[in-house]
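Here's the structure, in structure tokens; my notes come after.
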Amino acid sequence: MTANPAQRLTGSGLQVLVVTGGIALMTAALLADQAWWDRHFLPLYFFSRADFVLGERLARLAGACIGILLILAGSPLRRMANRSTPAALGFGLLRLLLAAGLALALGERLLGHDYKFAAAETQPGEEPPRQPDARLGWVFTPSHDGKTIVGERMISYSTDALGYRVAGQNAPVDVAQPSILFTGESIVAGYGLNWDETIPARVGAALNTQSATLAVFGYANDQAYLRLMSELPRFRRPVAVISLFLPSLLARNLGDDRPHLGPGLRWLPAVHRLRLSALFRFLVPYHSEAKIEQGIQLTRDELLATADLARRRGAIPLVVDPQFGSETPVERMTRRRILEESGLAYVRVMLDPSWHLKGDLHPNARAADAIAMAIATRLRSELGRQAAWRKDGAAD
2 MTANPAQRLT GSGLQVLVVT GGIALMTAAL LADQAWWDRH FLPLYFFSRA
52 DFVLGERLAR LAGACIGILL ILAGSPLRRM ANRSTPAALG FGLLRLLLAA
102 GLALALGERL LGHDYKFAAA ETQPGEEPPR QPDARLGWVF TPSHDGKTIV
152 GERMISYSTD ALGYRVAGQN APVDVAQPSI LFTGESIVAG YGLNWDETIP
202 ARVGAALNTQ SATLAVFGYA NDQAYLRLMS ELPRFRRPVA VISLFLPSLL
252 ARNLGDDRPH LGPGLRWLPA VHRLRLSALF RFLVPYHSEA KIEQGIQLTR
302 DELLATADLA RRRGAIPLVV DPQFGSETPV ERMTRRRILE ESGLAYVRVM
352 LDPSWHLKGD LHPNARAADA IAMAIATRLR SELGRQAAWR KDGAAD
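Under our numbering, the residues of the sequence shown are numbered 2 to 397, in order.
Okay, here's the thing in structure tokens:
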């Protein structure tokens, strides 16, 4: 059957559209070199650099292959369009759109429970359990004892009435005592470690001073700052405030699917999106250069504000930056921009890449001890300097 002019025009238009899409994909795959990926995809703590680069290369390869398939499919699609009537083409397109719409609606429904809020808000069955908090997003459930297996070890978790991780219900934090406060997330709170193996416990033992763990699993730096703001007034004699920063956790600071801080450290509510959109953003964590720059500025402001809170209460502010293995160029740039250029007091701890929990990338007890000893050494020096300054002042 000879195609009429309308059919030929439709077929040619379809071929041009499909081939153009294929060429665009191939071009993108060729132009998206490592420098482009590093500008738009931040390093992630739970993925090694090697895995990250492999994923990028596979994505480029997949894009190029799909582009080639689209280019090759252009002519067959044109011939099919030439043999079809406009009504048949329209009906086929309508069916395709309807099927796509139904698939999206079904996917949205099925993902309803997994992506209705921040992914880190709660993990079913995880210890210690978390509960929603209107200002922070989530906190540990207070007054809780629980056990779970991590890396083939039985791990005990206890939280006191204030929601701080403690050795047990019989050892709550005494806010009247001199205390070293720890802010942060699962590394500081001691995921996969028993209490006496955690960074706060080891520092407290080394300096013979009570430690108070304000850290909560899944926190970003803005949440850690907000929690410190609310909890610090409880403590009568804060000695130091320890914060954690890792360049590979910067991507978490860009999250807005939870209560978060915006420019000027202004509190903002969570942004709720379609669940499929949240899943796509999780699987493809692309960020514009402007968004990453904003994240760097906000993180620096949050850490500086944390240090200011500590100093106003007479406490020593200190940021700890644990580094497993060699530092990537992006991590080096991030650390320089946030920690060095801001003048923040920080201690960098180099760790053996093998010092992880079994089957998990969180620090094991050996790594936690190395981090704790670096913090204790720095605090001991700072406390000694303070004591000497006070002594000289009294003598004058």
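Backbone N, C-alpha and C fix where the C-beta goes; we use that ideal spot for every residue, glycine too. In this text the structure is predicted, and so the values were computed from the model without any measurement.
Check	Outcome
Would the beta-carbon of SER159 fall within 7 angstroms of that of GLY152?	no
Under the rule that 16 or more other beta-carbon atoms within 10 Å means buried, what is ILE188, buried or exposed?	buried
At what residues does the alpha helix (DSSP H) containing PRO330 begin and finish?	330-336
Do you know how far the Cα of PRO286 is from the Cα of PRO44?	10 angstroms
So does the segment 60-68 actually touch the segment 299-313, counting three or more Cβ pairs closer than 8 angstroms?	no
Just the C-alpha distance for PRO234 and ARG274, rounded to the nearest angstrom, thanks.	35 angstroms
Looking at the structure shown, is TRP356 part of a helix, part of a strand, or coil, going by DSSP?	coil
Quick check: the Cα distance between ALA25 and ARG276, rounded to an integer number of angstroms?	28 angstroms
Pick out whichever of ILE339, ARG379, PRO330 has its Cα sitting closest to the Cα of VAL350.	ARG379
Between the alpha carbons of PHE118 and VAL272, how many angstroms are there, rounded?	With a pLDDT of 45 at PHE118, under the threshold of 50, the modelled position of that residue is not reliable, and no figure is offered here.
How close, in whole Å, do the beta carbons of THR184 and ALA225 come, if the pair is a contact with beta carbons under 8 angstroms?	4 angstroms
Of all the beta strand (DSSP E) runs that stay within the bounds of the segment 183-235, which reach a length of 3 or more residues?	211-214
Counting pairs of beta carbons, one from the segment 206-217 and one from the segment 289-307, are three or more of them closer than 8 angstroms?	no
Could you compute how far the alpha carbon of TYR165 sits from the alpha carbon of VAL176?	11 angstroms
Looking at the strands, I want to know which residues DSSP matches up with SER244.	VAL320
Ignore the nearest five residues each way along the sequence and tell me which others in GLU57's own chain have a CB closer than 6 angstroms to its CB.	TRP38
Among PRO130, VAL140, THR21, ALA162, which one has its Cα closest to the Cα of LYS148?	PRO130
Quick check on the burial criterion: 16 or more other C-beta atoms within 10 angstroms. Buried or exposed for ARG333?	exposed
Nearest CA to the CA of PRO264: which residue from ASN365, ARG40, GLY296?	GLY296
Going by the C-beta, is GLU127 closer than 6 angstroms to any heavy atom of the ligand GDP?	For the ligand GDP, the structure offers nothing, since it holds no ligand at all.
Determine whether the beta carbon atoms of ALA74 and VAL19 lie at a separation below 7 angstroms.	yes
Is ASP175 helix, strand or coil by DSSP?	coil
Is the beta carbon of HIS357 sitting closer than 7 angstroms to the one on GLY193?	no
Assign LEU266 to one of three DSSP states: helix, strand, or coil.	helix
Since ILE156 sits in a beta bridge, which residues does DSSP pair it with?	THR149
So the alpha helix (DSSP H) GLN399 belongs to, where does it begin and stop?	For the chain, the structure presents residues 2 to 397; residue 399 sits outside this window and is missing.
Going by DSSP, name the residue or residues bridged to MET351.	GLN324
Give the straight-line distance between the Cα atoms of SER144 and ALA162, rounded to the nearest whole angstrom.	5 angstroms
With a threshold of 6 angstroms on Cβ separation, who are the neighbours of VAL242 within its own chain once the five nearest residues in sequence on each side are excluded?	LEU182, ALA311, ALA316, PRO318
Residues in its own chain within less than 6 angstroms of GLU328 by CB, not counting five upstream and five downstream?	none
For ASP134, name the three-state secondary structure that DSSP assigns.	strand
Quick one: Cα of LEU340 to Cα of ALA346, how far?	8 angstroms
Would SER180 and PHE218 qualify as a contact pair, given that the criterion is a beta-carbon distance under 7 angstroms?	no
In or out: ASN171 buried (at least 16 other Cβ within 10 Å) or exposed?	exposed
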